[in-house]
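Quick note, the sequences are listed as chains A and B, same order. Here the first sequence stands for residues 11 to 275, numbered as in our numbering. Here the second sequence stands for residues 5 to 593, numbered as in our numbering. Think of the CB as a built atom: it goes at the ideal place given N, C-alpha and C, for glycine as much as any other residue.
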Amino acid sequence: MSVTCELWFAFSWILDQLPKLCPVNRVTDLSVLKEQFESPNLRNPKGRSDLPGIDVFVSTADPEKEPPLVTANTILSILAVDYPVEKVACYLSDDGGALLTFEALAETASFARIWVPFCRKHNIEPRNPEAYFGQKRDFLKNKVRLDFVRERKRVKREYDEFKVRINSLPESIRRRSNAYNAHEELRVKKKQMETGASEPVKVPKATWMSDGSHWPGTWASAEPDHSRGDHAGIIQVFRHLKYHILVHVFIKIIVHVFSYTKSNE
Amino acid sequence: MLAPPNAEPEFGAADGDNLIDTTDVDIRLPMLVYVSREKRPAYDHNKKAGAMNALVRTSAIMSNGPFILNLDCDHYIYNSLALREGMCFMLDRGGDRICYVQFPQRFEGIDPSDRYANHNTVFFDVSMRALDGLQGPMYVGTGCIFRRTALYGFSPPRATEHRGWFGRRKIKLFLRKPKVSKKEEDEVSVQINSDHNDDDADIESLLLPKRFGNSTSLAASIPVAEYQGRLLQDLQGKGTHGRPVGSLAVPREPLDAATVAEAITVISCFYEDKTEWGKRVGWIYGSVTEDVVTGYRMHNRGWRSVYCVTKRDAFRGSAPINLTDRLHQVLRWATGSVEIFFSGNNALLASPRMKFLQRVAYLNVGMYPFTSMFLIVYCFLPAMSLFSGQFIVQTLSVTFLVFLLGITITLCLLALLEIKWSGITLHDWWRNEQFWLIGGTSAHAAAVLQGLLKVIAGVEISFTLTSKSATPDNEDDEFAELYEVKWSFLMIPPITIMMVNAIGIAVGVARTMYSPFPQWSKLVGGVFFSFWVLCHLYPFAKGLMGRRGKIPTIIYVWSGLLSIIISLLWVYINPPSGTTEDYMNFKFP
Numbered sequence: 011m012s013v014t015c016e017l018w019f020a021f022s023w024i025l026d027q028l029p030k031l032c033p034v035n036r037v038t039d040l041s042v043l044k045e046q047f048e049s050p051n052l053r054n055p056k057g058r059s060d061l062p063g064i065d066v067f068v069s070t071a072d073p074e075k076e077p078p079l080v081t082a083n084t085i086l087s088i089l090a091v092d093y094p095v096e097k098v099a100c101y102l103s104d105d106g107g108a109l110l111t112f113e114a115l116a117e118t119a120s121f122a123r124i125w126v127p128f129c130r131k132h133n134i135e136p137r138n139p140e141a142y143f144g145q146k147r148d149f150l151k152n153k154v155r156l157d158f159v160r161e162r163k164r165v166k167r168e169y170d171e172f173k174v175r176i177n178s179l180p181e182s183i184r185r186r187s188n189a190y191n192a193h194e195e196l197r198v199k200k201k202q203m204e205t206g207a208s209e210p211v212k213v214p215k216a217t218w219m220s221d222g223s224h225w226p227g228t229w230a231s232a233e234p235d236h237s238r239g240d241h242a243g244i245i246q247v248f249r250h251l252k253y254h255i256l257v258h259v260f261i262k263i264i265v266h267v268f269s270y271t272k273s274n275e
Numbered sequence: 005m006l007a008p009p010n011a012e013p014e015f016g017a018a019d020g021d022n023l024i025d026t027t028d029v030d031i032r033l034p035m036l037v038y039v040s041r042e043k044r045p046a047y048d049h050n051k052k053a054g055a056m057n058a059l060v061r062t063s064a065i066m067s068n069g070p071f072i073l074n075l076d077c078d079h080y081i082y083n084s085l086a087l088r089e090g091m092c093f094m095l096d097r098g099g100d101r102i103c104y105v106q107f108p109q110r111f112e113g114i115d116p117s118d119r120y121a122n123h124n125t126v127f128f129d130v131s132m133r134a135l136d137g138l139q140g141p142m143y144v145g146t147g148c149i150f151r152r153t154a155l156y157g158f159s160p161p162r163a164t165e166h167r168g169w170f171g172r173r174k175i176k177l178f179l180r181k182p183k184v185s186k187k188e189e190d191e192v193s194v195q196i197n198s199d200h201n202d203d204d205a206d207i208e209s210l211l212l213p214k215r216f217g218n219s220t221s222l223a224a225s226i227p228v229a230e231y232q233g234r235l236l237q238d239l240q241g242k243g244t245h246g247r248p249v250g251s252l253a254v255p256r257e258p259l260d261a262a263t264v265a266e267a268i269t270v271i272s273c274f275y276e277d278k279t280e281w282g283k284r285v286g287w288i289y290g291s292v293t294e295d296v297v298t299g300y301r302m303h304n305r306g307w308r309s310v311y312c313v314t315k316r317d318a319f320r321g322s323a324p325i326n327l328t329d330r331l332h333q334v335l336r337w338a339t340g341s342v343e344i345f346f347s348g349n350n351a352l353l354a355s356p357r358m359k360f361l362q363r364v365a366y367l368n369v370g371m372y373p374f375t376s377m378f379l380i381v382y383c384f385l386p387a388m389s390l391f392s393g394q395f396i397v398q399t400l401s402v403t404f405l406v407f408l409l410g411i412t413i414t415l416c417l418l419a420l421l422e423i424k425w426s427g428i429t430l431h432d433w434w435r436n437e438q439f440w441l442i443g444g445t446s447a448h449a450a451a452v453l454q455g456l457l458k459v460i461a462g463v464e465i466s467f468t469l470t471s472k473s474a475t476p477d478n479e480d481d482e483f484a485e486l487y488e489v490k491w492s493f494l495m496i497p498p499i500t501i502m503m504v505n506a507i508g509i510a511v512g513v514a515r516t517m518y519s520p521f522p523q524w525s526k527l528v529g530g531v532f533f534s535f536w537v538l539c540h541l542y543p544f545a546k547g548l549m550g551r552r553g554k555i556p557t558i559i560y561v562w563s564g565l566l567s568i569i570i571s572l573l574w575v576y577i578n579p580p581s582g583t584t585e586d587y588m589n590f591k592f593p
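Written as structure tokens, this is what we have:
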């Protein structure tokens, strides 16, 4: 028994140690990269960036377990990254299909209008507002621009408001949906009275978007076609307009290809 | 409509209604897209791997960046230059063989003493950096810049085959032969449908719908991504042709509704039907630890990867800090490893393009949970020897002691070397060791059981069932979560080990004290090993106790008393066989 154990331990120890035989350390030189890809030359007279594009994928699955504020902060840190702007594209994959995540992202896109220029102007590190404002060290260190203090105060205030807006989102979505649903129910009843139909028509408890249309993803109360693991595909490109004005250019194409039974769950 | 940002910087104005003065500050923002793939009950959505593959396809159509950074939602960019650092490797000489650049995972919000080795520094600063000297580190699921073509399942432009014993014989392969096309000289803008994708481009294009599904824009985007991911022409290595300088300094095409509609069709749930997505292309399905498998497949094709440790952490994230979640995390990893061991991804079956030592490393990934079985035996052994009064070895000879001393010193030196080289602290190393034992006796063993049952009997069981205890909301305590204890099956083996060892020590001490010829050396030996086991389990015990100061001292007194009484009883009732008869006669006349 003991011998087997010893042998196995020796074996696993060898397995563990062998890969450690040739360690290396690497260092990067960012200035060379800059010189090679971002300095003006014959073929590229304007000195536009010649760096290849990077798509950043962020994955989230459940706004309950992964709070939207955390995701929003991650997105902000990506939007503010030091890389040619036109080469970066940020994709958030929401596997839960939750309106909460969607609206939190809309708020994030609008807050980024102020956060990202602030980061660029004052070389903020880290570019995650929660981490930045939570830092315990002296934030004035190495800062030389005179308007920094005033602008930091403003951005901080703006961030606090942003946080509160994110926190209030679940409540506001619920209230909005309730209002729309009540309205819808009234309308259906009225129609029923007019036509004189006797059988009660069930109005689905939908989750509504702020522009007064049904959210194509999952709903608060699981309805067919809108429950977890059963919803349409959604893609939304956020257009960064002026701060606080957000245009919902919403393209929803619901793909029904197969005849799918409504008897789920 | 929905245009991605302009190529030229846009500067803000100093007018009053802006909150900050943005004169001379670029106010453009990167493109931001919300994607939620279609899900239907009739289709397996393959969890995170499925979501990532959906993203790979949408992004191919919408922005088609030749490189992809993958982050978890709680993993943010801590160093804003991180992307540039990663690109340094990708665009450097030889960078065309790199499939991904992995950054170390760093965590914050962990208790200062790092009780459950959450930082995992030994893994991220020793093992991964060591792997970097071979073919490259493993992919750990987040904080990694991929080359898009590597994700698509293509082979690297050059690869080395390692044949013979220990991979000594090396054969260089040029998978993409350089083809000099006269067009290339004056091509400045990005060429769509250029056919220098692979040397057998015709076969590839025939296979495309079968491999990638039948989206034509997705198929068209593949050569573009390959072309854009190349090195510059003057940097090109043997066997590839680079792209001319300045070829990417062109504005991107604006998005239109048709593109977005196309992007929607590739995230529909049936798109992957009868394609190789999840099998050879993209993130690989069917494993709990899809990340390791995905990285393994790339290394298997001969790609290399790079570990990029930046002076200022590139990314930071949060980690589960309470014991139960941590154990479950370890269980998930270990289960994944066992799965890998019993699947076709076992490193023994790797292709000759994988280096020998890299193969050993991957083999280790698949094997390490099995050590737990022997570990458990070793944890009970000292206690058993104390109970029975016999030492692990029959006689303590000089040669044995010298041998033991030699081994111990070598191990210590190795550990010191690792610590010195990687810059981790002894504390980190010790915590890691402790958690290795805790995880080894609980989570790893459970994973092996799970895996074996699944493979041999086809029974799927899960140890992750937990009954959630109601936890009081305590906003004042930063680490309130740390003290949360949720009961789980995983906690049984370590508790048993602890009890048995504690009782064993007590028994041993009691017996030696009552015996007429106390063999103190034997006792010290036994107690030392037992104590050694208990030392490792200390964080576990502390975690089990819950909140600091909540357990009154009387509990400790009681438990101490109980164990002494039990051990005394043991000695009285079941007199150790090693002691002599006259001792018994003397005690009970």
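Q. For Met35 of chain B, which beta-bridge partners are listed by DSSP?
A. Along the second sequence, read from residue 1 onward, the residue named residue 35 of chain B stands at position 31. Per DSSP, A:Ala99.
Q: Rank B:Cys312, B:Arg44 and B:Thr293 by C-alpha distance to the C-alpha of Val37 of chain A and give the top, closest one.
A: In the first sequence, residue 37 of chain A corresponds to position 27, counting from 1. Measuring from the Cα of Val37 of chain A, the nearest candidate turns out to be B:Cys312.
Q: Look up Asn326 of chain B in the DSSP assignment and say whether it is helix, strand or coil.
A: Here residue 326 of chain B is taken as the residue at index 322 of the second sequence, counted from 1. Asn326 of chain B: coil per DSSP, three-state reduction.
Q: Could you please give the first and the last residue of the uninterrupted beta strand (DSSP E) stretch that includes Ile64 of chain A?
A: On the first sequence, residue 64 of chain A is found 54 positions in, with the first residue counted as 1. Segment Ile64 to Thr70, the beta strand (DSSP E) holding Ile64 of chain A.
Q.
For the pair the segment 46-60 of chain B and the segment 98-112 of chain A, tell me if three or more CB-CB distances fall below 8 Å.
A. yes
Q) Using the rule of at least 16 other Cβ atoms within 10 Å of the residue's Cβ for burial, across every protein chain shown, is Pro520 of chain B buried or exposed? A) To locate residue 520 of chain B, count along the second sequence from 1; it is residue 516. The residue in question, Pro520 of chain B, is exposed, as its Cβ has fewer than 16 Cβ neighbours within 10 Å.
Q. Would you say Ile81 of chain B reaches chain A, if we count a Cβ-Cβ gap shorter than 8 Å as a contact?
A. Start at 1 with the first residue of the second sequence, and residue 81 of chain B comes out as number 77. Yes, because at least one Cβ of chain A sits closer than 8 Å to the Cβ of Ile81 of chain B.
Q) Which residue's Cα is closest to the Cα of Arg301 of chain B: B:Leu327, B:Asp25, B:Ser159 and B:Ser251? A) Position 297 of the second sequence, counted from the first residue, corresponds to residue 301 of chain B. When only C-alpha atoms are compared, the closest one is B:Ser159.
Q) Would Gln145 of chain A be called buried (16 or more neighbouring beta carbons within 10 Å of its own) or exposed? A) Here residue 145 of chain A is taken as the residue at index 135 of the first sequence, counted from 1. Exposed, since its Cβ has fewer than 16 Cβ neighbours within 10 Å.
Q.
Below 8 Å on C-beta distance, what does Lys30 of chain A contact in chain B?
A. Residue 30 of chain A sits at position 20 when you count from the first residue of the first sequence. Under the 8 Å cutoff, chain B gives Val130, Ser131, Ala134 and Glu422.
Q: Assuming Gly140 of chain B and Ser309 of chain B form a contact by the criterion Cβ under 8 Å, report the distance between their Cβ atoms to the nearest whole angstrom.
A: Along the second sequence, one-based indexing puts residue 140 of chain B at 136. Along the second sequence, one-based indexing puts residue 309 of chain B at 305. Yes, they are in contact, since the Cβ atoms of Gly140 of chain B and Ser309 of chain B sit about 3 Å apart, within 8 Å.
Q. What does DSSP give as the partner residues of Ser237 of chain A in its beta bridges?
A. For the purposes of this step, residue 237 of chain A is identified with residue 227 of the first sequence, where counting begins at 1. The partner list for Ser237 of chain A (beta bridge, DSSP) reads A:Asp240.
Q: Closer than 6 Å by C-beta to Phe248 of chain A: which residues in its own chain qualify, once you throw out the five before and the five after it? Chain order, please.
A: Here residue 248 of chain A refers to the residue found at position 238 when the first sequence is read from its first residue. Here Phe248 of chain A has Ala119 as same chain residues with Cβ atoms under 6 Å from its own Cβ, once five neighbours each way along the sequence are excluded.
Q: Check each candidate in A:Asn177, A:Glu233, A:Ser223 and A:Pro226 and name the one with the smallest Cα separation from Lys212 of chain A.
A: In the first sequence, the residue the question calls residue 212 of chain A occupies position 202. Comparing Cα-Cα distances from Lys212 of chain A to each of A:Asn177, A:Glu233, A:Ser223 and A:Pro226, the minimum goes to A:Glu233.
Q.
Please report whether the beta-carbon of Pro476 of chain B lies at a distance below 8 Å from any beta-carbon of chain A.
A. Here residue 476 of chain B is taken as the residue at index 472 of the second sequence, counted from 1. Reliability fails at Pro476 of chain B, whose pLDDT of 40 lies under 50, so the model's placement of it is uncertain and the value that follows must be treated cautiously. No, Pro476 of chain B lies away from the interface with chain A (no Cβ there is under 8 Å from its Cβ).
Q: State yes or no: is the beta carbon of Thr217 of chain A nearer than 8 Å to at least one beta carbon in chain B?
A: Locating residue 217 of chain A in the first sequence gives position 207, counting from the first residue. By this cut-off, Thr217 of chain A is not an interface position.
**Q.** Coarse secondary structure for Ala90 of chain A, derived from DSSP in three states
**A.** Residue mapping note: residue 90 of chain A aligns to position 80 of the first sequence, counting from 1. For Ala90 of chain A, the three-state secondary structure derived from DSSP is coil.
Q) What residues of chain B sit near Arg137 of chain A, judged by a beta carbon separation below 7 Å? A) By 1-based counting over the first sequence, the position of residue 137 of chain A is 127. Chain B residues near Arg137 of chain A: Ile81 and Ser84.
Q) From the beta carbon of Tyr372 of chain B, is the nearest beta carbon of chain A less than 8 Å away? A) As a first step, residue 372 of chain B is located in the second sequence; it is residue number 368 there, counting from the start. Output row for Tyr372 of chain B: interface = yes.
(Q) Please state whether the Cβ-Cβ distance between Cys15 of chain A and Tyr382 of chain B is less than 8 Å. (A) In the first sequence, residue 15 of chain A corresponds to position 5, counting from 1. In the second sequence, residue 382 of chain B corresponds to position 378, counting from 1. Contact: yes.
Q) In chain B, which residues lie less than 7 Å from Phe112 of chain A when you measure between Cβ atoms? A) Taking the first sequence and counting its residues from 1, one reaches residue 112 of chain A at position 102. In chain order: Tyr38.
**Q.** Interface flag, Pro45 of chain B vs chain A, CB-CB below 8 Å
**A.** Numbered from its first residue, the second sequence carries residue 45 of chain B at position 41. Closer than 8 Å: yes.
Q: Assuming Pro497 of chain B and Ser446 of chain B form a contact by the criterion Cβ under 8 Å, report the distance between their Cβ atoms to the nearest whole angstrom.
A: The residue you call residue 497 of chain B lines up with position 493 of the second sequence. The residue you call residue 446 of chain B lines up with position 442 of the second sequence. Rounded, the Cβ-Cβ distance is 5 Å, consistent with contact.
Q. Cβ atoms of Gly217 of chain B and Thr279 of chain B: under 8 Å apart, would you say?
A. Mapped onto the second sequence, residue 279 of chain B falls at position 275. Mapped onto the second sequence, residue 217 of chain B falls at position 213. Note that the C-beta distance between Thr279 of chain B and Gly217 of chain B is below 8 Å.
Q | beta strand (DSSP E) segment containing Ile65 of chain B, residue limits | A | For this step, residue 65 of chain B is matched to residue 61 along the second sequence. That residue, Ile65 of chain B, is in no beta strand (DSSP E); its alpha helix (DSSP H) goes Lys51 to Met66.
**Q.** Cβ-Cβ separation, Ala64 of chain B to Leu259 of chain B (assumed contact under 8 Å), whole Å
**A.** Numbered from 1 along the second sequence, position 255 holds the residue referred to as residue 259 of chain B. Numbered from 1 along the second sequence, position 60 holds the residue referred to as residue 64 of chain B. No, Leu259 of chain B and Ala64 of chain B are not in contact; Cβ-Cβ is about 13 Å, not under 8 Å.
Q | Phe378 of chain B: first and last residue of the uninterrupted alpha helix (DSSP H) it sits in | A | To locate residue 378 of chain B, count along the second sequence from 1; it is residue 374. Its alpha helix (DSSP H) spans residues Thr375 to Ser392.
Q. Between Phe378 of chain B and chain A, is there a C-beta pair that is closer than 8 Å?
A. By 1-based counting over the second sequence, the position of residue 378 of chain B is 374. Under the Cβ distance rule, Phe378 of chain B counts among the residues neighbouring chain A, one pair being separated by less than 8 Å.
Q: Output the boundary residues of the beta strand (DSSP E) element that contains Gly321 of chain B.
A: One-based indexing of the second sequence puts residue 321 of chain B at position 317. Element bounds for Gly321 of chain B: Phe319 to Gly321.
Q. How big is the Cα-Cα spacing for Asn51 of chain A and Gly57 of chain A?
A. Position 41 of the first sequence, counted from the start, is the residue given in the question as residue 51 of chain A. Position 47 of the first sequence, counted from the start, is the residue given in the question as residue 57 of chain A. Rounded to the nearest angstrom, the two C-alpha atoms are 7 Å apart.
Q: Classify Tyr542 of chain B as buried or exposed, calling it buried when 16 or more other Cβ atoms lie within 10 Å of its own Cβ.
A: Your numbering for residue 542 of chain B matches position 538 in the second sequence. Its Cβ having fewer than 16 others within 10 Å, Tyr542 of chain B is exposed.
Q | Spatial distance of Gly444 of chain B from Ile499 of chain B (CA atoms) | A | As a working mapping, residue 444 of chain B is identified with position 440 in the second sequence. As a working mapping, residue 499 of chain B is identified with position 495 in the second sequence. Their backbone Cα atoms lie some 13 Å apart in a straight line.
Q: Ignore the nearest five residues each way along the sequence and tell me which others in Trp218 of chain A's own chain have a CB closer than 7 Å to its CB.
A: For the purposes of this step, residue 218 of chain A is identified with residue 208 of the first sequence, where counting begins at 1. So the qualifying residues of the chain are Arg186, Ser187, Tyr190, His224 and Trp225.
Q) How would you write the range of the beta strand (DSSP E) that Asp76 of chain B sits in, first residue to last? A) In the second sequence, residue 76 of chain B corresponds to position 72, counting from 1. Asp76 of chain B -> beta strand (DSSP E) spans Phe71 to Asp76.
Q: Anything in the segment 344-372 of chain B with a Cβ closer than 8 Å to a Cβ of chain A? List those residues in chain order, please.
A: Leu361, Gln362, Val364, Ala365, Leu367, Asn368, Met371 and Tyr372
Q.
For the ligand COA, I want to know if Leu135 of chain B counts as a neighbour, meaning its beta carbon is within less than 7 Å of at least one of the ligand's heavy atoms.
A. This structure lacks the ligand COA; in fact it carries no ligand of any kind.
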